[in-house]
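Protein chains: 2
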Amino acid sequence: MTDLLGDMKRTHSCIELGESHIGQDIVLMGWVQHRRDHGGVIFVDLRDRKGITQVVFDPSISETVHEKAQEIRNEYVLGIKGKVSARPADMVNARMTTGAIEVLVDELRIFSRAKTPPFQIEDRVDASETIRLQYRYLDLRRTQLKNNMIARHKTTMTVRNYLDAKGFVDIETPVLTKSTPEGARDYLVPSRVNQGDFYALPQSPQLFKQLLMVAGFDRYYQIIKCFRDEDLRADRQPEFTQIDMELSFVDEQKVMEISEGLIKAIFKNVLDVDFPEPFPSMTWAEAMERFGIDRPDLRFGLELKNVSDIVANADFKVFASVVKNGGLVKAINAKGCADFSRKQIDELTEFAAVYRAKGLAWIKIKEDQWQSPIAKFFSDDEKEALKQRLDLEPGDIVFFVADQPKITNEALGQLRNELARRLGLINDNEFKFTWITHFPMFEYDETEKRYQALHHPFTAPMESDLDKLESNPLEVNSRAYDLVLNGIEIGGGSIRIHDSELQERVLKCLGIGKEEAKEKFGFLLEALTFGAPPHGGLAFGLDRLVMLLCREDSIRSVIAFPKTQKATCLMTQAPSKAAPAQLQELAIKTVKPIE
Amino acid sequence: MTDLLGDMKRTHSCIELGESHIGQDIVLMGWVQHRRDHGGVIFVDLRDRKGITQVVFDPSISETVHEKAQEIRNEYVLGIKGKVSARPADMVNARMTTGAIEVLVDELRIFSRAKTPPFQIEDRVDASETIRLQYRYLDLRRTQLKNNMIARHKTTMTVRNYLDAKGFVDIETPVLTKSTPEGARDYLVPSRVNQGDFYALPQSPQLFKQLLMVAGFDRYYQIIKCFRDEDLRADRQPEFTQIDMELSFVDEQKVMEISEGLIKAIFKNVLDVDFPEPFPSMTWAEAMERFGIDRPDLRFGLELKNVSDIVANADFKVFASVVKNGGLVKAINAKGCADFSRKQIDELTEFAAVYRAKGLAWIKIKEDQWQSPIAKFFSDDEKEALKQRLDLEPGDIVFFVADQPKITNEALGQLRNELARRLGLINDNEFKFTWITHFPMFEYDETEKRYQALHHPFTAPMESDLDKLESNPLEVNSRAYDLVLNGIEIGGGSIRIHDSELQERVLKCLGIGKEEAKEKFGFLLEALTFGAPPHGGLAFGLDRLVMLLCREDSIRSVIAFPKTQKATCLMTQAPSKAAPAQLQELAIKTVKPIE
Chain A
1 MTDLLGDMKR
11 THSCIELGES
21 HIGQDIVLMG
31 WVQHRRDHGG
41 VIFVDLRDRK
51 GITQVVFDPS
61 ISETVHEKAQ
71 EIRNEYVLGI
81 KGKVSARPAD
91 MVNARMTTGA
101 IEVLVDELRI
111 FSRAKTPPFQ
121 IEDRVDASET
131 IRLQYRYLDL
141 RRTQLKNNMI
151 ARHKTTMTVR
161 NYLDAKGFVD
171 IETPVLTKST
181 PEGARDYLVP
191 SRVNQGDFYA
201 LPQSPQLFKQ
211 LLMVAGFDRY
221 YQIIKCFRDE
231 DLRADRQPEF
241 TQIDMELSFV
251 DEQKVMEISE
261 GLIKAIFKNV
271 LDVDFPEPFP
281 SMTWAEAMER
291 FGIDRPDLRF
301 GLELKNVSDI
311 VANADFKVFA
321 SVVKNGGLVK
331 AINAKGCADF
341 SRKQIDELTE
351 FAAVYRAKGL
361 AWIKIKEDQW
371 QSPIAKFFSD
381 DEKEALKQRL
391 DLEPGDIVFF
401 VADQPKITNE
411 ALGQLRNELA
421 RRLGLINDNE
431 FKFTWITHFP
441 MFEYDETEKR
451 YQALHHPFTA
461 PMESDLDKLE
471 SNPLEVNSRA
481 YDLVLNGIEI
491 GGGSIRIHDS
501 ELQERVLKCL
511 GIGKEEAKEK
521 FGFLLEALTF
531 GAPPHGGLAF
541 GLDRLVMLLC
551 REDSIRSVIA
561 FPKTQKATCL
571 MTQAPSKAAP
581 AQLQELAIKT
591 VKPIE
Chain B
1 MTDLLGDMKR
11 THSCIELGES
21 HIGQDIVLMG
31 WVQHRRDHGG
41 VIFVDLRDRK
51 GITQVVFDPS
61 ISETVHEKAQ
71 EIRNEYVLGI
81 KGKVSARPAD
91 MVNARMTTGA
101 IEVLVDELRI
111 FSRAKTPPFQ
121 IEDRVDASET
131 IRLQYRYLDL
141 RRTQLKNNMI
151 ARHKTTMTVR
161 NYLDAKGFVD
171 IETPVLTKST
181 PEGARDYLVP
191 SRVNQGDFYA
201 LPQSPQLFKQ
211 LLMVAGFDRY
221 YQIIKCFRDE
231 DLRADRQPEF
241 TQIDMELSFV
251 DEQKVMEISE
261 GLIKAIFKNV
271 LDVDFPEPFP
281 SMTWAEAMER
291 FGIDRPDLRF
301 GLELKNVSDI
311 VANADFKVFA
321 SVVKNGGLVK
331 AINAKGCADF
341 SRKQIDELTE
351 FAAVYRAKGL
361 AWIKIKEDQW
371 QSPIAKFFSD
381 DEKEALKQRL
391 DLEPGDIVFF
401 VADQPKITNE
411 ALGQLRNELA
421 RRLGLINDNE
431 FKFTWITHFP
441 MFEYDETEKR
451 YQALHHPFTA
461 PMESDLDKLE
471 SNPLEVNSRA
481 YDLVLNGIEI
491 GGGSIRIHDS
501 ELQERVLKCL
511 GIGKEEAKEK
521 FGFLLEALTF
531 GAPPHGGLAF
541 GLDRLVMLLC
551 REDSIRSVIA
561 FPKTQKATCL
571 MTQAPSKAAP
581 AQLQELAIKT
591 VKPIE
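Chains A and B are the protein sequences, given in the same order.
Quick note: the first sequence uses UniProt numbering, first residue 1, plus one each step.
Quick note: the second sequence uses UniProt numbering, first residue 1, plus one each step.
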């Protein structure tokens with residue numbers, strides 16, 4: 001048996017003790033980080049959530065305690081009573097907060113023994129992620145993960161205090177609900193009371209928060225789990241957390257102003273970083289033009305230049321015909337990289353191919369000539385124009401993609417990010433925000449031969465574009481906005497449609513008829529007929545935001561108990577088989593999947 | 001089409017304006033609470049979340065605006081621009097915060113029209129709950145429900161700020177997880193990626209919070225949705241919210257001290273009520289003795305008295321034989337109620353029968369005699385002893401239940417509550433708390449012929465009772481504690497087992513062998529072998545707590561979008577049919593239920 005806590009009461013945490021405590025009797029409790037014997041004395045680094053203190057078992061203080069301390073191993077859980085003492089001058093550890101003192105122990109309780117952990121609880125760990133997920137409670141003991149969780153807590157506390165002060169009401173919306181038409185796949189929950197029916201876990205509380213505006217709550221927020229049954233190829237989780245907000249009687253400027261203040265408050269509280277200037281803002285069209293993608297990383301330059309007009313009549317038929325067919329030719333000048341090897345260029349070409357670019361043309365600018373398979377196709381005038389447009393100087397290499405606008409932009413936009421990574425242009429300690437506004441309302445889905453909402457079907461069109469809704473839907477901009485940080489979208493939202501007639505018009509543009517609309521979200525359409533205020537909102541992805549705050553590469557590092565890419569929990573073995581009786585009560589059965 | 005928000009910006013809420021604003025130009029936005037025409041002028045009570053302001057459309061100010069205002073009906077959503085003006089002296093409404101002023105409107109925008117709502121948006125509503133749940137967004141416009149939601153928000157903000165200040169870290173635990181062995185029925189979620197397997201929605205984050213203690217987080221909290229697929233006969237919801245806490249290196253006193261401070265902070269912040277004294281505390285045994293149930297309502301007396309010793313040898317064989325067979329005879333003296341009619345007594349007898357009491361004996365104490373079918377069976381000594389024990393005085397009526405202890409206590413305990421309701425002894429504005437401690441560790445389940453955990457299998461036994469664990473389990477007390485308010489359990493918790501050997505002993509007492517334990521929660525048992533701190537915690541039911549704070553009778557009144565007793569959402573029509581393709585992807589199908 002281990003020792004009981006009994007009447008022992010902790011007096012301090014393991015980070016607090018310093019020279020001012022010398023001579024005091026104190027009680028510490030924590031884990032054995034490290035134990036060493038030196039000259040018949042046992043030294044233990046005792047660790048709790050806050051820090052580490054050296055505690056000393058010296059037989060000259062208590063032989064029985066020293067004897068008992070022989071048993072101690074790493075990760076044992078101890079309670080010790082003792083006197084704070086100055087360390088000998090040559091033993092002072094200036095790198096430790098408590099490095100000037102140690103505790104001479106006169107009472108020891110061993111609350112818990114510990115088997116040798118499958119990996120060392122150290123700052124740097126080389127165990128596989130599989131083993132670390134299986135023993136997540138051990139991995140969470142490491143400073144890095146522990147600090148991530150605390151940063152997450154600080155983030156949410158900041159959100160709550162900031163929004164509370166601005167008059168937002170935290171209202172819980174249901175988890176067992178009806179499928180929301182957000183596009184992604186729902187998680188279903190079979191109903192026992194209503195056999196044959198299913199609840200869906202929410203992909204977002206979108207409709208509920210709009211109904212709360214109809215109910216008059218004016219300013220709502222919630223930090224809420226959302227669920228998407230997607231293939232987890234990217235850094236996604238089946239359940240993720242949103243900071244979800246909605247406001248009545250506001251325009252996009254107001255939503256953005258409050259959201260921006262919130263993000264600034266978080267960075268101030270969690271990282272002590274100030275952003276005195278307003279975040280920059282650009283339209284979606286500008287982002288596409290300059291960066292090729294709608295979430296530009298502004299920590300570096302390498303902007304895309306449209307050279308379609310210059311090459312439209314060039315002898316290089318690949319470029320000319322693309323332009324002729326409504327495509328785009330854009331280029332990036334990688335300054336000073338004219339020494340890129342054939343292998344490097346091939347790698348970049350393969351990279352661009354992932355984004356469907358059929359090729360990656362390039363020109364190296366040498367002192368005396370342009371070195372390139374395609375240089376010969378350009379006239380002197382075209383060369384001069386390219387030189388001006390792209391600021392070409394000796395030592396540069398310029399990359400071209402020529403394709404349909406969507407492919408040109410995405411391939412070159414991604415290439416821009418890749419080049420920045422390879423060239424070391426990214427400062428990991430920099431945070432560059434930008435708002436993106438004026439998104440197109442619709443995009444045309446070639447496969448389904450119909451328009452899709454770029455945001456979601458409840459996003460309002462720009463008031464000035466209302467008359468183009470039916471006649472020219474691709475020209476209609478929406479009142480949506482995204483906030484981008486270091487090339488990652490951390491939040492987005494829109495002003496919503498609050499007029500039931502306009503909502504029906506937009507649904508019709510999306511090919512959703514009255515019957516289907518009624519079936520899917522008739523309750524929202526009906527609510528809009530009982531007095532709905534103008535309203536809009538925004539949601540931030542908490543996991544991604546905290547990931548960026550903690551300078552982590554994966555959201556798994558900022559989630560206490562994440563799932564694998566196969567949506568399993570390696571610690572609890574979820575999901576698992578259900579008992580036959582459970583399925584019987586739900587009136588469902590499992591079937592052999594169709595191959 | 002309705003009007004656009006455009007450049008109109010709200011300057012004030014509808015509760016703010018008073019005499020100090022007279023002469024100012026302001027903008028209000030809100031709903032039409034009421035409209036009346038008087039002398040060619042239109043008066044509208046404009047309502048927003050905060051309050052109501054009277055706005056006036058006078059043709060002498062603007063004929064076009066007055067003309068447009070003709071269209072206004074109840075629940076229309078308006079934006080108005082106008083000048084604050086003093087009301088004529090005889091029109092001042094002292095009962096309204098803004099009753100001294102009105103706003104003379106010179107610009108009107110109609111943001112949204114409203115059909116006639118299915119019920120009036122008034123403080124008192126006589127519509128059925130069915131129609132109110134269907135149009136929940138309209139019901140939430142009523143002051144009562146709106147204030148309940150705001151009280152809920154204040155409650156959770158208080159919890160977060162209080163616990164943050166005490167060093168608790170808010171950590172999210174998974175929603176898609178493995179079945180926790182809490183006894184109730186799980187909601188299952190079929191997995192698509194791992195076909196044939198199921199996640200369970202958590203009944204509580206019990207195991208995860210214990211793992212967070214093993215991980216060293218020391219103080220954890222979370223306000224979290226939990227799920228139980230129970231029959232909703234009582235005032236239950238499929239999803240409910242817990243304030244969930246766990247602490248390391250503490251005993252029950254510390255957990256109770258922090259929890260009590262939390263509850264006091266909530267009552268202070270939400271209701272401005274102080275509780276300067278510590279909450280009383282009684283053992284489970286005392287609660288059963290004095291009140292018959294473990295959640296006594298202390299707002300009134302009517303305590304139960306055990307008279308088994310007095311009646312053990314009485315000629316009244318019913319009593320005597322119950323005592324002989326290990327039963328209990330207990331009584332309540334309803335003072336001054338000797339004039340209860342036969343009908344009243346019959347009703348109480350029926351009430352007691354619901355709790356399985358086979359009869360309800362009674363004696364009316366008259367000036368000159370005891371009037372009762374059973375009085376004749378008692379000797380003078382027995383009568384004198386009953387008189388002393390029960391403080392019998394002329395005008396009293398005393399009720400007896402004689403049965404096995406569990407039945408006697410529960411029937412008479414419930415009768416005590418019923419008598420208090422009938423006699424008007426309950427002060428609705430009073431809040432009486434008590435802690436209940438020293439619960440039994442186990443109870444014997446006659447049906448399953450085995451011991452069950454009264455709390456849950458991870459609750460620690462009293463350290464002083466450890467040696468009785470195998471030899472006399474029913475005598476073992478646990479380190480569990482409940483907090484009871486006005487007869488309702490609002491929270492409960494325990495010190496947990498942190499020693500894997502002790503955990504296995506307790507599981508063995510419950511008839512859970514090593515294999516079953518490993519299968520169900522092997523990850524917890526394993527975690528306890530890697531260094532687990534002594535720890536304990538508590539969870540409050542947020543819904544019930546807010547219900548009591550708001551003096552509501554049902555938790556549905558403090559949940560924004562509650563479900564019916566059949567677990568359906570009348571507004572969204574959840575649950576509903578799933579598409580065949582969805583079920584196919586999940587490799588499940590619905591089957592005809594077994595009758």
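By construction, the Cβ of each residue, glycine as well, lies at the ideal position given by its N, Cα and C atoms.
Taking the CA atoms as reference points, Ile365 of chain A sits about 17 Å from Leu419 of chain A. For the stretch 197–208 of chain A, the set of positions with a beta-carbon nearer than 9 Å to some beta-carbon of chain B reads Asp197, Phe198, Tyr199, Ala200, Leu201, Leu207, Phe208 in chain order. With respect to chain B, the C-beta atom of His498 of chain A has a partner C-beta closer than 8 Å. Under the Cβ criterion of 8 Å, Leu271 of chain B is not counted among the residues facing chain A.
Along the stretch 61–146 of chain B, the alpha helix (DSSP H) occurs as fully enclosed runs of 4 or more residues at 63–69, 129–134, 136–139, listed in sequence order.
Think of a sphere of 7 Å around the beta carbon of Pro238 of chain A: the chain B residues whose beta carbon falls inside it are Leu176, in chain order. The C-beta of Glu410 of chain A has 16 or more other C-beta atoms within 10 Å across all chains shown, which makes the residue buried. In this structure His498 of chain A is buried. Its beta-carbon is surrounded by 16 or more other beta-carbon atoms within 10 angstroms.
Selection B:Glu107, B:Asp482, B:Arg192 evaluated against Glu585 of chain B yields B:Arg192 as nearest (Cα-Cα). The distance from the Cβ of Phe442 of chain A to that of Val476 of chain A is about 7 Å, consistent with a contact at the 8 Å cut-off. Looking at the DSSP output, Trp31 of chain A bridges to A:Arg47, A:Val77.
Residues of the stretch 239–253 of chain A with a C-beta atom less than 7 Å from some C-beta of chain B are Glu239, Thr241, Phe249, Asp251, listed in chain order. Given a length threshold of 3 residues, each whole run of the beta strand (DSSP E) inside the stretch 512–556 of chain A is given here in chain order: 535–541.
Listed by position along chain A, the residues whose Cβ is nearer than 8 Å to that of Arg556 of chain B form an empty set, because the closest Cβ is around 13 Å away.
Phe291 of chain B is positioned such that its CB atom lies closer than 8 Å to that of Leu304 of chain B.
Of the residues assessed, Thr130 of chain B falls on the exposed side of the cut-off, its CB having fewer than 16 other CB atoms within 10 angstroms. Chain B has a Cβ within less than 8 Å of the Cβ of Asn194 of chain A.
Of the residues A:Ser62, A:Phe439, A:Arg136, A:Ala517, the one whose Cα lies closest to the Cα of Arg295 of chain A is A:Phe439.
For Gln573 of chain B, the nearest beta carbon of chain A is closer than 8 Å to its own beta carbon. Going by DSSP, Gly491 of chain A is part of the beta strand (DSSP E) stretching over 488–495.
Burial is judged here by how many other beta carbons sit within 10 angstroms of a residue's own beta carbon; Lys358 of chain A has fewer than 16 and is exposed. For Phe57 of chain B, there is no enclosing alpha helix (DSSP H); the residue is found in the beta strand (DSSP E) stretching over 52–57. Put simply, the backbone Cα of Gly40 of chain B is about 8 Å away from that of Pro59 of chain B. For the stretch 14–48 of chain B, the set of positions with a beta-carbon nearer than 9 Å to some beta-carbon of chain A reads Met29, Gly30, Trp31, Val32, Arg47, Asp48 in chain order.
Every alpha helix (DSSP H) of 4 residues or more that sits fully in the stretch 359–414 of chain A is shown, in chain order, as 380–390. DSSP places Cys226 of chain A in the uninterrupted beta strand (DSSP E) bounded by 219–227.
Under the criterion of beta carbons closer than 8 Å, Gln242 of chain A and Ile224 of chain A qualify as touching, at roughly 6 Å. Between Ile22 of chain B and Ser85 of chain B, the gap from beta carbon to beta carbon is short of 8 Å. At least one C-beta of chain A is nearer than 8 Å to the C-beta of Glu172 of chain B. Scanning the stretch 144–187 of chain A for uninterrupted beta strand (DSSP E) segments of 3 residues or longer gives nothing; none is fully contained.
A buried status is given to Asn333 of chain B, since no fewer than 16 other beta-carbon atoms sit within 10 Å of its beta-carbon. Rounded to the nearest angstrom, the Cβ distance from Thr434 of chain B to Val484 of chain B is 5 Å, consistent with a contact under 8 Å.
Contacts with chain B at 8 Å (Cβ-Cβ) do not include Lys376 of chain A.
Arg10 of chain A reaches chain B at Phe249, counting residues in chain order whose Cβ is nearer than 8 Å. 8 Å or more divides the Cβ of Gln210 of chain A from the Cβ of Asp244 of chain A.
Contact annotation for Met157 of chain A against chain B: Arg160, Asn161, Asp164, Asp170 [CB-CB distance below 9 Å, chain order].
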